[in-house]
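Chemist:
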Amino acid sequence: MLVANRGEIALRVVRACHDLGVPAVAVFSDADRTAPHVLAAAEARHLGASPASESYLRGDAIIAAARESGCDAVHPGYGFLAENAAFAQAVADAGLIFVGPPAAAIAAMGDKTEARRRMAQVGVPVVPGTVEPLEDPDAAAEAAREVGYPVLIKAVGGGGGKGMRVVGASEELADAFRAARAEAVAAFGDGRVYLERFLQGPRHIEIQVLADAHGAVVHLGERECSIQRRHQKLVEEAPSGVLSAAQRKEMGGAAVAAARAVGYASAGTVEFLWVDGRFYFLEMNTRLQVEHPVTEFVTGIDLVEWQLRVAAGERLPFEQEDIRLRGHAIECRITSEDPRHGFLPSTGVVRHLQVPAGPGVRWDGGIARGQEVTLHYDPLLGKLIAHAPTREAAIARMSRALAELRIVGVDTSVPFHRALMDHPEFRAGDLDIGFLEHHGEELGLGPDGDGRDEAIAVTAALAEHRRRRRTAVRRVDGAGRSGSRWRDLGWR
Numbered sequence: 057m058l059v060a061n062r063g064e065i066a067l068r069v070v071r072a073c074h075d076l077g078v079p080a081v082a083v084f085s086d087a088d089r090t091a092p093h094v095l096a097a098a099e100a101r102h103l104g105a106s107p108a109s110e111s112y113l114r115g116d117a118i119i120a121a122a123r124e125s126g127c128d129a130v131h132p133g134y135g136f137l138a139e140n141a142a143f144a145q146a147v148a149d150a151g152l153i154f155v156g157p158p159a160a161a162i163a164a165m166g167d168k169t170e171a172r173r174r175m176a177q178v179g180v181p182v183v184p185g186t187v188e189p190l191e192d193p194d195a196a197a198e199a200a201r202e203v204g205y206p207v208l209i210k211a212v213g214g215g216g217g218k219g220m221r222v223v224g225a226s227e228e229l230a231d232a233f234r235a236a237r238a239e240a241v242a243a244f245g246d247g248r249v250y251l252e253r254f255l256q257g258p259r260h261i262e263i264q265v266l267a268d269a270h271g272a273v274v275h276l277g278e279r280e281c282s283i284q285r286r287h288q289k290l291v292e293e294a295p296s297g298v299l300s301a302a303q304r305k306e307m308g309g310a311a312v313a314a315a316r317a318v319g320y321a322s323a324g325t326v327e328f329l330w331v332d333g334r335f336y337f338l339e340m341n342t343r344l345q346v347e348h349p350v351t352e353f354v355t356g357i358d359l360v361e362w363q364l365r366v367a368a369g370e371r372l373p374f375e376q377e378d379i380r381l382r383g384h385a386i387e388c389r390i391t392s393e394d395p396r397h398g399f400l401p402s403t404g405v406v407r408h409l410q411v412p413a414g415p416g417v418r419w420d421g422g423i424a425r426g427q428e429v430t431l432h433y434d435p436l437l438g439k440l441i442a443h444a445p446t447r448e449a450a451i452a453r454m455s456r457a458l459a460e461l462r463i464v465g466v467d468t469s470v471p472f473h474r475a476l477m478d479h480p481e482f483r484a485g486d487l488d489i490g491f492l493e494h495h496g497e498e499l500g501l502g503p504d505g506d507g508r509d510e511a512i513a514v515t516a517a518l519a520e521h522r523r524r525r526r527t528a529v530r531r532v533d534g535a536g537r538s539g540s541r542w543r544d545l546g547w548r
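Going from the sequence shown to this note's numbering is simple: count from 1 and add 56.
1) Whose CA, out of G414, Y205, D149, G213, lies closest to the CA of V222?
2) Assign D192 to one of three DSSP states: helix, strand, or coil.
3) Can you find a CB in chain B that lies within less than 8 angstroms of the CB of V147?
4) What does the alpha-carbon distance come out to for the pair G224 and V78?
5) When the Cα atoms are used, what is the spatial distance from E280 to G309?
6) Rounded to the nearest angstrom, what separates S125 and H348 at their Cα positions?
7) V354 to D194, Cα distance in whole Å?
8) From T342 to V273, what does the alpha carbon distance come to, in whole angstroms?
9) From the DSSP secondary-structure annotation, give me the bridge partner or partners of I261.
10) How big is the Cα-Cα spacing for T430 and T403?
11) Is it a yes or a no for the stretch 81–99 touching the stretch 156–175, going by three-plus beta-carbon pairs under 8 angstroms?
12) Looking at I386: is its Cβ nearer than 8 angstroms to the Cβ of T468?
13) Inspect the beta-carbon positions of F136 and L113 and report whether they are closer than 8 angstroms.
14) With C-beta atoms as the reference, is A211 less than 8 angstroms away from F254?
15) Ordered along the chain, which non-local residues of its own chain (more than five positions away) have a Cβ less than 6 angstroms from that of A164?
16) Just checking my contact of H93 with G422 at CB under 8 angstroms: how many whole Å lie between their CB atoms?
17) Rounding to the nearest angstrom, what Cα-Cα distance links A144 and A159 in this structure?
18) Closer than 6 angstroms by C-beta to F335: which residues in its own chain qualify, once you throw out the five before and the five after it? Chain order, please.
19) Would V298 and W330 qualify as a contact pair, given that the criterion is a beta-carbon distance under 8 angstroms?
20) In the DSSP assignment, what residue or residues form a beta bridge with Q288?
What follows is the structure, given as structure tokens:
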């Protein structure tokens with residue numbers, strides 16, 4: 057099995073392969089030569105330079121590495137090429153097994169207007185809006201009049217908040233339409249956009265599905281993912297505190313119908329927005345999710361193991377009535393960002409790493425002491441998960457685990473997570489996707505205005521350039537230490 061990814065998910069899949077007696081082959085860039093996923097694998101293949109475009113996004117190099125290593129299958133992890141239908145098809149065309157859904161299912165759900173159309177056909181509730189891409193601002197204005205303001209303009213092939221604009225009034229629409237299209241082209245190479253009603257104060261609740269190639273589909277309950285920043289999830293829980301058993305069954309049935317509608321096989325997630333007891337289809341993620349461990353804790357089902365077994369042609373051994381949810385689980389995404397300064401990216405060498413332990417605590421990490429954290433990849437360092445009989449106990453256990461977690465050398469999101477676990481409204485379960493906007497100051501978050509992400513990226517890139525130039529000059533002139541230990545450590 058070749059694992060076509062890096063970081064914590066690559067290490068997670070490598071371990072699952074080895075548990076099943078399947079030798080795992082890792083791939084790596086220049087920056088990841090000694091990364092934990094590389095050292096844990098039975099074999100490792102170099103893909104190219106550090107930028108993802110020259111390594112982890114090179115589908116041809118990944119397939120070549122799989123063939124040269126004598127692999128039978130490729131697991132894409134998440135991110136990079138995991139939801140790239142062309143890559144999934146190329147893997148199959150090369151005579152290899154793609155550990156994920158068929159390419160046709162990825163393509164159908166990757167086009168959000170096509171996904172909305174298919175969901176409406178099978179009776180899954182969708183947010184009122186268009187089911188075809190909009191050609192121009194005039195078409196968007198006409199659709200907005202029918203749907204009613206406020207509206208949301210969204211990229212057809214997007215995700216992560218890119219190519220998305222909230223429009224509160226008709227006079228704002230034309231500029232928002234053009235801005236969303238331009239951002240969609242830059243982020244995804246696809247400028248198509250559509251429009252839907254903007255729901256006020258929703259919760260983000262998703263349903264985990266698991267399907268085999270023989271027609272069996274089950275759901276494994278829901279996850280609450282409402283703690284977000286700019287549509288990026290920061291904390292996830294299972295189960296949600298607002299769903300009754302009847303609504304869980306209803307939402308789960310809708311997710312199963314969605315999976316069946318596209319001929320799904322493997323693990324996947326159907327995401328919904330929940331408002332005042334009603335839910336609406338948002339999108340389907342045709343891959344494993346970052347937050348899959350909370351579902352594993354409350355169901356006892358290893359999702360990566362079953363991805364591999366389904367890919368090998370096995371049938372699911374359980375039916376829907378066999379699935380039981382036990383206790384409560386919470387996951388905190390630990391990133392190399394400074395929440396006090398607008399989640400400014402942080403780079404450096406991990407000088408010290410101490411991870412928590414004990415019953416009901418799990419650390420899915422992708423870093424090790426001595427490893428350099430760069431700007432080339434997503435800032436996710438690892439995931440801290442806590443499980444306990446109740447939500448209150450799970451929060452207490454997570455608070456203890458966060459206090460024990462030590463990462464020295466880069467700024468991390470740990471202070472934010474510790475503050476969140478102590479916040480009275482979070483502890484009461486009073487959540488929606490605007491939680492951080494309403495309570496950011498109380499959580500110690502710094503200002504985060506429009507355009508700040510771009511400025512942060514440039515500033516961090518310049519800092520990285522200066523660091524590399526300083527190192528290169530020392531190597532060339534042979535001067536060694538500068539005379540100041542603080543300066544050698546990068547302090548100023």
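Glycine included, every Cβ here is placed at the ideal spot set by N, Cα and C.
Keep in mind it's a predicted model, so treat the numbers as computed, not measured.
Modeler: With the structure as the only source:
1) Y205
2) coil
3) Note that chain B does not occur in the displayed structure, where there is just one protein chain.
4) 54 angstroms
5) 17 angstroms
6) 29 angstroms
7) 48 angstroms
8) 14 angstroms
9) E280, F328
10) 5 angstroms
11) no
12) no
13) yes
14) no
15) E170, V318
16) 7 angstroms
17) 5 angstroms
18) M307, F328
19) yes
20) R285
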